[in-house]
Structure formats: structure tokens, C-alpha cells
Amino acid sequence: MNEKRGRRIRIHSTTVILVAGIAAVAASGCEVTNPGPIQDEFLAQPASQQGLINGGVRRLAELVSYGTYTNAIVGRELFPGGQTGFMGHDPITQAGHILPGSFGGFWNDGVQARFITETAIKRFTEVDAPANMLYQAYLWNAFAYRTMGEWWCDAVLGPTDPDDTTPGTYEQGSQGNFNRAIDSFTAALGFASTPDETHAARGGRAAAHAWMGDWSAAASDAATIPDDFVFWINYDDETQAYYNTLFEANARQPAGSYSVIYTFFDGYYTETGDPRTPWFDDANIPYATASLDTYGQVEWKNQAKYSSRNDDQRLVSGWEMRLVEAEAQLNSGNWQAAMTLINKVRTRNISDTTGEPLAPWVAMSLEEAWTFLKRERYIELWLEGRRLTDERRWAANNTPGALDTPDWENTAFAPGSRTNMFTRQPRSFCLDIPTSERDRNPNVPPIS
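Here you go:
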């Protein structure tokens, strides 16, 4: 991608990580002879503050990197290649179904990201830390809650005071996570000192308001974000946990875990050359590295949006904000204004095949405009971990307009053929609270 304006937080393998209140803190000028638990008050020392924040960012980066890949498979942005081992998924997940109680590792990353940042908020507040430290702590806390709101069906909301060990309360739905995200984005704005810092917090908050259906607040925040603004979460190649997983899972080192075949983007990129959805094939690599259940070997077509382990991922962009504004207009019935915004996002892009701007969408009704809004979000946010939550909220709100989600039950397999892997379980649109949390938290009901 060519959009380079915005903020990136660099994380490295030497980052300090706090887990469950125990951390190893590298502070300049300190001689550590026992690498055991360190008292919490040392986490607030100036030399430790950035390391503590970076620990939360790293946990969130791990969640976002691996979770975006899983979202892409379940959300039918990518077609599974059958890989079940290294950089793969189990057959049930490949078929688009999340087993109840699964993905405890994702949950742990999300909970640790918010716990670490809440620890930073409390410790930094106690010592009157610089504004930029409190800004980062609140901002990353907000993104942790926003991500968990988007990806999990339900919420477990523990005390925001890290010293309070009361078990979290269970809430059906995602509202509690989004409310906390909005509160932390708002708090971050109180410590922002540059336009980019303000844009990152307002952009993150706009998406949370949109999910909550507060379209006035969402549009108000979104309108302040410039078109070319981007806020990224950083991946790096120093440690496998922080690679760009979508790249690594199909990089043939050794994994070739998925394909673009049968997705909306297979034919769409061929037809339009839209630079946001590039893919390529290779005559020397005809198939993915495994065999897909009930299908066989999968023809290999690889996404080219991410081309290295270091490729970062957007958390906020100005172009997403234009689509938030467009969706707000659609919710008010003003579909003509919405189409103007949708096509502003679309026609800025120059086709890889024709060298000309992409042709605008043409709608003749509110329902058609909704279809194009949903399609343009699909395209603009491809492989950014946002599609499943979009489909979930649109279904909950019974919004008009068609989806371009592929019907693999009948397109990847011959119509009328025997039952295939995609017909065995219903599609999932969010992750379930894992068994590990249900077993240790008396407030969370068991799997029914």
C-alpha cells in the first residue's frame, strides 16, 4: 500500500512484557541480580514506562496478526488450502465454524493487552507521568477493547483497576467492550499533543461508535480524519509471534496455507486491477501445500497486499472514515450523499491493468447504495480483520443490500454434489469465550 502518513509504534524482541502482574523490567542504571518478580512501583519509573506500554502493544500485535488470518478464513476473504499444522487451521475452522470454547490463545493475548495497558494507566497516573505516556496507555487499551468487541461474541469485563482480582462479569454481546473502548479513546484524546495523535484516537473511536449504532458520533469523529491518514500496528521479523501472519502463512517457508481462488477477489482483481486487492499465481507452484477435505488439492493463488513479515496492518485510515461517513448517510436515508463518499474512496485508486481510475459505482436506490457500501468496505478493508464483524452488525441491524460473500457450498463444489465441508456446520461470525475462561471464572456460564 502507498499510504504512508500516520503513526507506527515499533516493537522489538527486547520489549518488556507484563503478564498477570509479573514482569521483567529493563531499567537503565539498575543492576538486577535476581530476575524474578519486580515490584509494581518500579513499572512507573521513567525508564520503564515505554517498555510497559510496548508489552501491551506486543500482545495486541500477536492477537491482531494471527486473529486477522483466522478472520480471513472464516470470513471467506481467503479460501483454505487444507493446512492443519504450521500456520494452518483445523478443518472445522477452515469450513467457517468456530468451535465453542476454542481459541484460548487469542483470548489470552487480548486480555493481557488490556490488563497491561490498564496497569500502565494506573501506575502512570499515580506518578503523574508525561502526557505522551498516558496517551499511549489509553490509546492501546482502547484498541485492545475495540478488537475484543469486534471479534468476540460476548464480553467478560473485569475491574479496570489491575490490583482488583475480582473475577470479570459476563455480558452477552459486545457492547461492554465497545463502551470501554470509547471511554479510553476519549481519555487518550485528553493527552493528545499532535494532530496525528488526535486522528488515531478519533478514528478508533469512530469505528467503535459505528458498531454501537451511534452514527451521529461516528460521523462526527470520522469527519475530522484526513483522507491520507493511517495508523498502523507494527509487525516485525525478529520473533515469529510478531510476523505478519498472513504473509508467513502463504510464503512457502514452508507453508502455503490458503488461496484467493473462489473468493470475491479472485475475479474482481482480474476484472478491475484494483490495487487494493492484488493477488498472483505461479506456474511453478500449482497447489497449496496440503489437501482440503472433500475437495482435494487447492489451486494456489496468493494475496499480494502483504509482501513481507514486516508489513504492518492498518488500525485506522482516513479512507475507512469516509466509508463510516457514508454508512451514517445511508442510515439517514441519504443514499445519494453516501454514494458520493463511496466513490471518493473508490475512484482515487488507479487500476493495475488499465492505468486509469477505477470506474465509480452507480446506484439507483437506497438498497443498491447499501450493496455498494458493503462491497467497498469489503475491498478497502480486505485482510484487515474487519469483515466478520461487519457482517455480524449488519445482520443484527437488518440492513438492506446484498453481500458479496461467496457461496462456497455451491461455487467451490459442483452444485448438487455430495455434502461438502462447508455444509457441515453453520458459519460463525465471532469467537466464543474459551473453555479456559469459563473453567476459572464462576461468572461465565459453561458451554450450553
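FYI, in this note's numbering the residues of the sequence shown are 161 to 608. Every residue, glycine too, gets a C-beta built ideally from N, C-alpha and C.
May I ask you to report which of helix, strand or coil DSSP gives residue i?
i: Val484; result: helix
i: Val420; result: coil
i: Gln413; result: coil
i: Leu541; result: coil
i: Glu237; result: coil
i: Trp439; result: strand
i: Leu452; result: strand
i: Gln585; result: coil
i: Gln400; result: helix
i: Ser525; result: coil
i: Val287; result: coil
i: Val604; result: coil
i: Thr579; result: coil
Under a Cβ-count criterion, where at least 16 other Cβ atoms within 10 Å of its own Cβ denotes burial, should residue i be classed as buried or exposed?
i: Val234; result: buried
i: Val522; result: exposed
i: Pro566; result: buried
i: Ser608; result: exposed
i: Met293; result: buried
i: Arg598; result: buried
i: Ala186; result: Low per-residue confidence applies at Ala186: pLDDT is 30, beneath 50, and the placement is therefore not dependable enough to give any value.
i: Ser110; result: In the structure displayed, the chain extends from 161 to 608; residue 110 sits before or after that span and is not available.
i: Pro414; result: exposed
i: Met524; result: exposed
i: Ile445; result: exposed
Among the options, which residue has its Cα nearest to the Cα of residue i?
i: Asn509; options: Asn292, Ala450, Pro438; result: Pro438
i: Tyr395; options: Ala572, Thr565, Thr228; result: Thr228
i: Trp554; options: Asn337, Trp371, Asp324, Ala341; result: Trp371
i: Asn580; options: Val604, Thr507, Leu452; result: Leu452
i: Lys465; options: Asp599, Leu349, Trp542, Gly350; result: Trp542
i: Ile393; options: Pro605, Asn214, Asp381, Asn601; result: Asn214
i: Lys504; options: Asn558, Leu518, Thr513; result: Leu518
i: Asn339; options: Ala352, Thr320, Gly350; result: Thr320
i: Gly241; options: Val458, Thr399, Ser353; result: Val458
i: Ala562; options: Glu536, Arg587, Arg546; result: Glu536
i: Pro251; options: Glu569, Asn301, Arg283, Thr454; result: Thr454
i: Leu203; options: Thr277, Gln272, Gly427; result: Thr277
i: Gln243; options: Met499, Ser417, Ala367; result: Ser417
i: Val476; options: Asp288, Asp388, Tyr295, Phe239; result: Asp388
i: Asp381; options: Leu349, Ile502, Arg412, Thr399; result: Leu349
i: Tyr298; options: Glu487, Asp426, Ala280; result: Ala280
i: Ala488; options: Ala360, Gly373, Arg283; result: Gly373
May I ask you to list the residues that DSSP assigns as paired with residue i?
i: Ile510; result: Pro517
i: Leu111; result: Only positions 161 to 608 of the chain appear in this structure, which leaves residue 111 out of reach.
i: Glu331; result: Ala315
i: Asn462; result: Phe440
i: Tyr298; result: Answer is none; Tyr298 lacks a bridge partner.
i: Gln457; result: Ser451
Exercise. With a cut-off of 8 Å, do at least 3 Cβ pairs link the segment 243-257 to the segment 422-438?
Worked result: no
Exercise. Taking contact to mean at least 3 C-beta pairs separated by less than 8 Å, is the segment 305-318 in contact with the segment 334-350?
Worked result: yes
For this session: Mind the definition here: the segment 406-418 touches the segment 463-482 only if three or more C-beta pairs lie below 8 Å; say whether that holds.
Result: yes
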